[in-house]
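Residue numbers (UniProt numbering): 1 to 344.
Note that beta-carbon positions come from the ideal geometry of N, C-alpha and C, so glycine has one too.
Encoded structure:
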């Protein structure tokens, strides 16, 4: 079909390499029998539960092995999907990049940055912390887990007294609060401030480390190493940053960080992103988040070149990106016999 977007790049290649045409004459999409089911789910969490149901029904009839792939168009569904998988599955292989921005530790870093950005006053007793920055921090799972009673006391005092700004004296009831609620005087201290908070909440001394799941410790470790790396790089550069500029650099640097997962590709159910499915075939495919804007992910091109000029000079456009993902989709289901498509 010369009008179909999924074959756009193949047609371009065939026009350049005409002798390769004999290798593209398979008709698996039409000739092979396929069972295709589409599920409309009212929430992202519901999609994870449907995956559990599909797998339970499938393994009654056949063995769940490496011929089953769970493909996540939205990588942020990884944790809900893993939690929803049947508990007795022996082998699960995760091959994808998970965005740090979807982890609890990233939200903690964001709250710490907001706290420092909105501090009022100079030094010592003149410092004031805005209540809208204090509440998310003391209610964050990593902090409330360690200081539940003190956090509840501060929340109650803010609500009962209608406090807008809090002095440090009201937030110094334990070592963790003393570490968090202090003002950074110089940009060079920001990295050390964030690193010291991460060290305390993980209990690097071994005191509370066992309370935190291994996966969350991995998230914290990735952000910890990224902050440390940025600290070392900026420390070697003789640049005079202001504290707000430094905070923006840290935020943007961490926002683009991804956590690479990899496992044994020859055993168990395969959980992966869309790009990881390239050149792989599976008998059973479960595709999640097939929504407009998620598959393919939409976005404006960050370019000064207008769309008309991009087309005129044959530069990549959004239609080009759509064609790539259309190819990924049809190629993935090309040799599959059991296909499940889920969308929110």
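Could you tell me if residue 277 is buried or exposed, where buried requires 16 or more neighbouring beta carbons within 10 angstroms of its beta carbon? buried
Just reading off the alpha helix (DSSP H) that residue 141 is part of, what are its end residues? 141-144
Under a Cβ-count criterion, where at least 16 other Cβ atoms within 10 Å of its own Cβ denotes burial, should residue 198 be classed as buried or exposed? buried
With a cut-off of 8 Å, do at least 3 Cβ pairs link the stretch 73-83 to the stretch 268-288? yes
In three-state DSSP terms, what is residue 277? helix
Should the stretch 12-19 be called in touch with the stretch 46-54, which here means at least 3 C-beta pairs below 8 Å? no
What separation, rounded to the nearest whole angstrom, lies between the Cα atoms of residue 340 and residue 64? 15 Å
Would you say residue 290 faces chain C, with C-beta separation under 8 Å as the test? Of the protein chains in the structure, only one exists, and it is not chain C.
For the alpha helix (DSSP H) that residue 227 lies in, which residues bound it at each end? 214-235
What does a CB cutoff of less than 6 Å around residue 325 pick up in its chain, not counting 5 residues either side in sequence? 296
Does DSSP put residue 136 in a helix, a strand or coil? helix
Suppose you measure from the CA of residue 154 to the CA of residue 168; what does that come to, to the nearest Å? 12 Å
Compare the Cα-Cα distances from residue 118 to each of 344, 331, 243, 328 and report the closest residue. 243
Best match in 171, 145, 144 for proximity to residue 157 [C-alpha to C-alpha]: 171
Please state the DSSP three-state secondary structure of residue 173. coil
Can you tell which of 272, 32, 235, 39 has its C-alpha closest to the C-alpha of residue 342? 39
Is the distance from the Cβ of residue 258 to the Cβ of residue 100 below 8 Å? yes
Could you give the first and the last residue of the continuous beta strand (DSSP E) run that contains residue 40? 35-40
6 Å Cβ shell around residue 271 - same chain, five flanking residues per side excluded: 70, 94
Are the beta-carbon atoms of residue 254 and residue 223 separated by less than 8 Å? yes
Can you give me the start and stop residues for the beta strand (DSSP E) that residue 340 sits inside? 338-343
Is the beta carbon of residue 268 less than 8 Å from the beta carbon of residue 91? yes
Between which two residues does the beta strand (DSSP E) harbouring residue 287 extend? 284-288
Quick one: residues in its chain with C-beta nearer than 8 Å to the C-beta of residue 104, no 5 flanking neighbours on either side, listed in chain order? 140, 141, 142, 216, 219
Start and end of the beta strand (DSSP E) containing residue 258? 258-261
Between residue 323 and residue 5, what straight-line distance do the alpha-carbon atoms span, to the nearest angstrom? 5 Å
Contact set for residue 283: own chain, Cβ-Cβ below 7 Å, skip 5 residues either direction: 67, 336, 337, 338
Using three-state DSSP, classify residue 239 as helix, strand or coil. coil
Please list, in chain order, all residues of the same chain as residue 83 whose beta carbon is under 8 Å from its beta carbon, the five residues on each side excluded. 48
Kindly list the residues whose CB is nearer than 7 Å to the CB of residue 202, restricted to its own chain and excluding five residues on each side of it in sequence; keep chain order. 209, 212, 217, 220
Can you list, in chain order, the residues of its chain with a C-beta nearer than 7 Å to that of residue 132? Leave out the 5 residues immediately preceding and following it. none
Suppose the cutoff is 7 Å on Cβ atoms and the five residues either side in sequence are ignored; what does the same chain contact list for residue 114 look like? 133
Work out the CA separation of residue 274 and residue 41 for me, nearest whole Å. 20 Å
In three-state DSSP terms, what is residue 99? strand
Return the chain-ordered list of same chain residues with a C-beta closer than 7 Å to the C-beta of residue 150, the five sequence neighbours on each side being excluded. 173, 174, 177
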